[in-house]
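Accompanying notes for the structure given below.
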Amino acid sequence: MPKILLLPGDGIGQEIVPEAVKALEAVGKRFNRSFQFQEALIGGTAYDECGHPLPESTLKLCQESDAILLGAIGGPKWEQLPVHLRPEMGALLPLRKKLRLYANIRPAVLFPDLIAASPLKPEVVQGMDLIVVRELTGGLYFGPKKREIVDGEEQAIDTLVYRAGEIIRIGRLAFELARKRRKKLTSVDKANVLASSRLWREVMTELGREYPDVELEHLYVDNCSMQLVRKPTQFDVIVTENTFGDILTDEASVLTGSIGMLASASIGGEVALYEPAHGSAPDIAGQQKANPLATILSAALMLDISFNMHQEARAVEDAVRAVLKEGYRTPDLMHSGGKEVTTAQMGDLVAEYIQKG
Ligand code: NAD
Numbered sequence: 490m491p492k493i494l495l496l497p498g499d500g501i502g503q504e505i506v507p508e509a510v511k512a513l514e515a516v517g518k519r520f521n522r523s524f525q526f527q528e529a530l531i532g533g534t535a536y537d538e539c540g541h542p543l544p545e546s547t548l549k550l551c552q553e554s555d556a557i558l559l560g561a562i563g564g565p566k567w568e569q570l571p572v573h574l575r576p577e578m579g580a581l582l583p584l585r586k587k588l589r590l591y592a593n594i595r596p597a598v599l600f601p602d603l604i605a606a607s608p609l610k611p612e613v614v615q616g617m618d619l620i621v622v623r624e625l626t627g628g629l630y631f632g633p634k635k636r637e638i639v640d641g642e643e644q645a646i647d648t649l650v651y652r653a654g655e656i657i658r659i660g661r662l663a664f665e666l667a668r669k670r671r672k673k674l675t676s677v678d679k680a681n682v683l684a685s686s687r688l689w690r691e692v693m694t695e696l697g698r699e700y701p702d703v704e705l706e707h708l709y710v711d712n713c714s715m716q717l718v719r720k721p722t723q724f725d726v727i728v729t730e731n732t733f734g735d736i737l738t739d740e741a742s743v744l745t746g747s748i749g750m751l752a753s754a755s756i757g758g759e760v761a762l763y764e765p766a767h768g769s770a771p772d773i774a775g776q777q778k779a780n781p782l783a784t785i786l787s788a789a790l791m792l793d794i795s796f797n798m799h800q801e802a803r804a805v806e807d808a809v810r811a812v813l814k815e816g817y818r819t820p821d822l823m824h825s826g827g828k829e830v831t832t833a834q835m836g837d838l839v840a841e842y843i844q845k846g
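Here the sequence shown is numbered in the numbering used here, starting from 490 and rising by one per residue.
Quick look at the structure:
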């Protein structure tokens, strides 16, 4: 029986994770599967209770589980803490590093019934179906950082470091993914300015020789961000550095109608971590306004990637599609009209559709 560790975290994390559990339980009933759920503290909630955003007990449970489902962490309450105790720096980044989750996979797919919710014109966005593969344990977020006083003035330094092996590892994963899809890989860098990007481009080009069936193109990150809104359908798989990927995936997410639609899987180590691409949304937390679909779709990725339950994963995606087709919308998707539902009602509807098939 697969052991799933639930880490609801902070803000809307507490509201969306239970909805993904409903979906997994519905999968269990329909396909005669059993999942074992355990829950642990992470983020600001963990800091309040145990004095650290990533308690040792949580890390241990993560390492012992078969997969992890995370809600979101962070919020204004914890922003004044010393950096190493803040939820993202103190929990999320070390967790990724400790579990060796070097690749973050974020599919950005436009569900046909959400075409009017996209900020782009229907004819531009129709058919958008891309995946961003973001390097997750290197790059600007992980390089040495410091603050110092130079000539009486304060300065801060972040460093963007990549070893060739780290680029090969993420590159290979992206090429393999592209090979299973439409066979186009866009490698995104800033090779006209950054030395790390020049190495990135050289390594990707070299690796491309092993994948002659995959078309490899290189784009500068500024151009890529523009191309995403100009013609998102030109992309199949995008592979990029940690910070570039963080920014580009937020952009890609909103093209699908809402950031509440974007699921993600962080893989590479023995245990994979699944989470929506958004944060803890403190502005709507505790109000049942959060869209739980990104978390539910993250659970579908878990079924696919960690448990090889492909039919079950498709059942979750089909249920999401069906609920959207029926016109049900959380507030973030209401700008194009529909029947407004709460977070929990959306979760109930998806679970119902999964069970009836
Ligand atoms: P955010 O993603 O939390 O929110 C951005 C906007 O999107 C807000 O208006 C919010 O209401 C909306 N939104 C996000 N998710 C939504 C959902 N499921 N349904 C409906 N609307 C949704 O980003 P932020 O405001 O920059 O950050 C808030 C906190 O979250 C910060 O503390 C930040 O550090 C943290 N954060 C955590 C993660 C993570 O846990 N992986 C990722 C990003 C940000």
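Just so you know, even glycine gets a beta-carbon here, dropped at the ideal spot from N, CA and C.
Contact between Glu-764 and Leu-559 holds: their C-beta atoms lie close to 4 Å from each other, under 8 Å. Contact annotation: Leu-838 and Val-812 have beta-carbon atoms nearer than 7 Å.
Relative to the ligand NAD, the beta carbon of Ala-774 is positioned no closer than 6 Å to any heavy atom. Around the beta carbon of Lys-518, fewer than 16 other beta carbons sit within 10 angstroms, so the residue counts as exposed. The closest heavy atom of the ligand NAD lies less than 6 Å from the beta carbon of Ala-561. The C-alpha of Ser-747 lies about 23 Å from the C-alpha of Glu-624. For the 7 Å CB-CB criterion, Leu-590 and Gly-757 form a contact. In terms of Cβ geometry, Asn-780 and Thr-819 form a close pair [threshold 7 Å]. Beta-bridge analysis with DSSP links Lys-492 to Gln-525.
If you draw a straight line from the Cα of Glu-655 to the Cα of Arg-719, it comes to about 31 Å. In this structure, the ligand NAD has a non-hydrogen atom nearer than 6 Å to the beta-carbon of Ala-770. When secondary structure is reduced to three states using DSSP, His-767 falls in the coil class, being assigned neither helix nor strand. Just measuring C-alpha positions, the residue of Glu-508, His-573, Phe-520, Gly-500 sitting nearest Gly-540 is His-573. Annotation for His-767 indicates a beta carbon within 6 Å of some heavy atom of the ligand NAD.
The alpha-carbon separation between Gly-697 and Arg-690 amounts to approximately 10 Å. Secondary structure within the stretch 643-725: the alpha helix (DSSP H) runs of 4 or more consecutive residues, fully enclosed, are 653-668, 684-697, 710-719 (chain order). For Gly-827, the CB stays at least 6 Å from every heavy atom of the ligand NAD. Pro-601: not part of any beta strand (DSSP E); DSSP gives it neither H nor E. According to the DSSP secondary-structure assignment, Asp-618 is paired through a beta bridge with Val-598.
The stretch 674-688 makes contact with the stretch 707-719; the number of CB pairs closer than 8 Å reaches 3 or more.
Contact between Thr-547 and Ile-531 is confirmed by a C-beta separation of about 6 Å, below the 8 Å threshold.
Restricted to the stretch 507-569, the beta strand (DSSP E) segments that are unbroken, complete and at least 3 residues in length are 525-528, 556-561, listed in chain order. As the crow flies, the alpha-carbon of Val-614 is around 48 Å from that of Ile-638. Relative to the ligand NAD, the beta carbon of Gly-564 is positioned inside 6 Å of a heavy atom.
Val-622 is positioned such that its CB atom lies closer than 7 Å to that of Ala-663. Boundaries of the beta strand (DSSP E) harbouring Glu-637: 634-639, taken from the DSSP string. In this chain, the alpha helix (DSSP H) harbouring Ile-794 covers 782-794. The shortest CA-to-CA distance from Leu-666 to any of Leu-495, Ile-794, Gln-834 is the one to Ile-794. Around the beta-carbon of Gly-660, 16 or more other beta-carbon atoms lie within 10 Å, marking it buried. In this structure the stretch 494-511 lies against the stretch 520-530, because at least three pairs of beta carbons, one per stretch, are closer than 8 Å.
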